[in-house]
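Undergrad: Here it is: the structure, laid out below.
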Amino acid sequence: MSETPQLLLAHHLKALKLPTFLREYDKLAQQCAAEGVDHPRYLLRLAELELIERERRMIERRIKEARFPTVKSLDSFDFTAIPSLNKILVLELARCEYITRRENIIAVGNSGTGKTHIALGLGLAACQKGLSVGFTTAAALVHELIEARDEKRLLRLQRQLATYKLLIIDELGYVPLSTAGAELLFEVFSQRYERGPTIVTSNLPFDEWTGVFGSERLTGALLDRLTHHVHILEMNGDSYRLKQSKQRQRQT
Numbered sequence: 055m056s057e058t059p060q061l062l063l064a065h066h067l068k069a070l071k072l073p074t075f076l077r078e079y080d081k082l083a084q085q086c087a088a089e090g091v092d093h094p095r096y097l098l099r100l101a102e103l104e105l106i107e108r109e110r111r112m113i114e115r116r117i118k119e120a121r122f123p124t125v126k127s128l129d130s131f132d133f134t135a136i137p138s139l140n141k142i143l144v145l146e147l148a149r150c151e152y153i154t155r156r157e158n159i160i161a162v163g164n165s166g167t168g169k170t171h172i173a174l175g176l177g178l179a180a181c182q183k184g185l186s187v188g189f190t191t192a193a194a195l196v197h198e199l200i201e202a203r204d205e206k207r208l209l210r211l212q213r214q215l216a217t218y219k220l221l222i223i224d225e226l227g228y229v230p231l232s233t234a235g236a237e238l239l240f241e242v243f244s245q246r247y248e249r250g251p252t253i254v255t256s257n258l259p260f261d262e263w264t265g266v267f268g269s270e271r272l273t274g275a276l277l278d279r280l281t282h283h284v285h286i287l288e289m290n291g292d293s294y295r296l297k298q299s300k301q302r303q304r305q306t
């Protein structure tokens, strides 16, 4: 191929936003010529490479936009450490069909049992399906909501939170909420009710949530929405983090 057609092809592939085509077409053309592959199969291979690369970039973007504190998969979770956790249910949830059905997930258990790890793993699985995910802690979200209200951009933030295909709210119950904070957080759950699923992790059983929200009425209304369509993951047991720490010490 002469230089001018190559330059034009490179220009057109850039304009069409086909970077994998641009990077691979010449090398693959030589390979296909050596193998006697016809033009349609050559183009098919190029298209497959482009699709694979686009999917990789899309997943990478979804993970970045989710703002996970760290990326963890369910493959690295030791289910034997938490016998109360239903492994079959968790792996079923990793297929992300609950998102289509708009069903919530609540992981409840004492501190250190891997609730955040499970939430992160399910969030990663959703990103790998190409779905938009948002991750935050309850305390950080309430702070962000109050700040947005004070700066008169609350509506914009609420709309953003409502658009996530999956919202993960970690560590609900670690810090009691102010009246304003509790009401703003309730609004988030209310706006997502039967529109988009939410994963919540908490170290408190449901009967102690009133201490977090400060109002039986508000807590009752919140639980009514959260538990209407819900999968509850019981995660009580010895500290998962402590076990991992001891294992690392034994290995060193």
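Anchor point for the sequence shown: position 99 equals 153 in our numbering, and the numbering is continuous, going up by one each time. All C-beta atoms, glycine included, are put in the ideal place defined by N, C-alpha and C.
Whole angstroms are fine: how far does the CA of Arg-99 sit from the CA of Arg-108?
TA: 14 Å
Undergrad: Just to confirm before moving on: does the CB-CB distance between Ala-193 and Tyr-218 stay below 8 Å?
TA: In this structure, Ala-193 keeps its C-beta atom at 8 Å or more from the C-beta atom of Tyr-218.
Undergrad: Could you spell out where the beta strand (DSSP E) holding Val-284 opens and where it closes?
TA: 284-288
Undergrad: With a CB to CB cut of under 6 Å and the five nearest residues on each side skipped, what residues in its chain are close to Pro-230?
TA: Val-266
Undergrad: Using a Cβ-Cβ cutoff of less than 7 Å, which residues in the same chain neighbour Thr-233 once the five nearest sequence positions on both sides are dropped?
TA: Gly-268
Undergrad: Roughly how many angstroms separate the alpha carbons of Met-55 and Tyr-79, rounded to a whole number?
TA: A caution first: Met-55 carries a pLDDT of 45, below 50, which makes its placement in the model too unreliable to give a value.
Undergrad: When burial is assigned at 16 or more other CB atoms within 10 Å of the CB, is Met-289 buried or exposed?
TA: With 16 or more other Cβ atoms from the protein chains shown falling within 10 Å of its own Cβ, Met-289 counts as buried.
Undergrad: Whole angstroms is fine: what's the gap from Leu-176's alpha carbon to Cys-150's?
TA: 8 Å
Undergrad: Quick check on Ser-256: buried or exposed, where buried means 16 or more other Cβ atoms within 10 Å of its Cβ?
TA: buried
Undergrad: Where DSSP assigns a beta bridge to Phe-189, which residues make up the other side?
TA: DSSP, once it has assigned bridges, lists Ile-222 as partnering Phe-189.
Undergrad: May I ask which residues mark the beginning and end of the alpha helix (DSSP H) holding Thr-255?
TA: Thr-255 -> not in any alpha helix (DSSP H); beta strand (DSSP E) instead, spanning 252-256.
Undergrad: Could you please give me the residues that DSSP links to Ile-136 through a beta bridge?
TA: Paired residues: none, contrary to the question.
Undergrad: Could you name the residues of the same chain whose beta carbon sits closer than 6 Å to that of Val-254, not counting the 5 residues immediately before and after it, in chain order?
TA: Ile-160, Ile-223 and Leu-226.
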